[in-house]
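Undergrad: Numbering (the working numbering), first residue to last: 8 to 216.
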């Protein structure tokens, strides 16, 4: 069964409390989402594997640590996931970025794919799929299924706010993918929105509502 890691660092929790406020405008919301993503990235990469590398300092030769393998890839689920990319790139600027486009059918609430573009060596990287919200879990589960079909094996999922329904679906469909979340909320309402949540993350990031 996948691990569900709630990142309860005080700075993360403080900023999550800020972005929940309905009076927060798009500019500040975007900035805060990016900051939360950066802090979450720091915590979520704690278990990445390292290897020894010999280098030369201005003083002498020595052995240092660096990330093992092909480094990382960040794959946001469009469009709201884009809001988390810059914050993560601040922490890991060498990461490649892919994109998966999914929208939720308003009637069935099922995800519909409309775009997928990944780094050529994505199957050799540690991949972090990012989306601010994990509601029904449909989009996240579909995105991860898509990655697995393309040969990606080392997948992690990162979101800011999750509903229990989404967590359960992810654990059922992808028990090998660890979930990193900043807040586990109460439930979904009749429209599939997380309660108490923060509304539609995409609309708030891009000012489209």
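All C-beta atoms in this analysis are idealised placements derived from N, C-alpha and C, irrespective of residue type, glycine included.
(1) Taking the alpha carbon of residue 84 as the point to measure from, which residue in 134, 31, 55 has its own alpha carbon closest?
(2) Does residue 47 pass the burial test, meaning 16 or more other C-beta atoms within 10 Å, or should it be called exposed?
(3) At which residues does the alpha helix (DSSP H) containing residue 152 begin and terminate?
(4) Just grab the DSSP bridge partners of residue 108 for me.
(5) If we require 3 or more residues per run, which beta strand (DSSP E) segments fall completely within the region 18-65?
(6) Could you pull out every residue in the same chain whose Cβ sits closer than 6 Å to the Cβ of residue 167, ignoring the five residues on either side in sequence?
(7) Helix, strand or coil for residue 114 per DSSP?
(8) Check for me: the beta strand (DSSP E) holding residue 169 runs from which residue to which?
(9) Would you decide whether residue 187 is buried or exposed? Buried here means 16 or more other CB atoms lie within 10 Å of its CB.
(10) For the candidate residues 69, 109, 75, 99, whose alpha-carbon lies nearest to that of residue 88?
(11) Along the alpha helix (DSSP H) that carries residue 159, what are the first and last residues, could you check?
(12) Spatial neighbours of residue 161 within its chain, please: C-beta separation below 8 Å, excluding the five flanking residues on both sides.
(13) Is residue 138 helix, strand or coil by DSSP?
(14) Need the endpoints of the beta strand (DSSP E) that residue 185 sits in, please.
(15) For residue 14, which three-state DSSP category applies?
TA: Let's see:
(1) Residue 134 is the option with its Cα nearest to residue 84.
(2) By the 10 Å Cβ count, residue 47 comes out buried.
(3) Counting along the chain, residue 152 sits inside the alpha helix (DSSP H) bounded by residues 145-156.
(4) Per DSSP, 85, 122.
(5) When DSSP assignments are scanned along the region 18-65, the uninterrupted stretches of beta strand (DSSP E) that are 3 or more residues long and fall wholly within it turn out to be 57-63.
(6) Counting only Cβ-Cβ distances below 6 Å, and skipping sequence neighbours, we find 43, 139, 189.
(7) In the structure shown, residue 114 sits in coil (DSSP, three-state: anything other than H, G, I, E or B).
(8) 162-169 is the extent of the beta strand (DSSP E) around residue 169.
(9) Buried is the call here.
(10) For the residues 69, 109, 75, 99, the minimum Cα distance to residue 88 belongs to 109.
(11) Unbroken run through residue 159: none, as it is neither H nor E.
(12) Excluding positions up to five away in sequence, the list reads 132, 133, 134.
(13) In the structure shown, residue 138 sits in coil (DSSP, three-state: anything other than H, G, I, E or B).
(14) Unbroken beta strand (DSSP E) run through residue 185: 185-191.
(15) Residue state, collapsed to three classes: coil.
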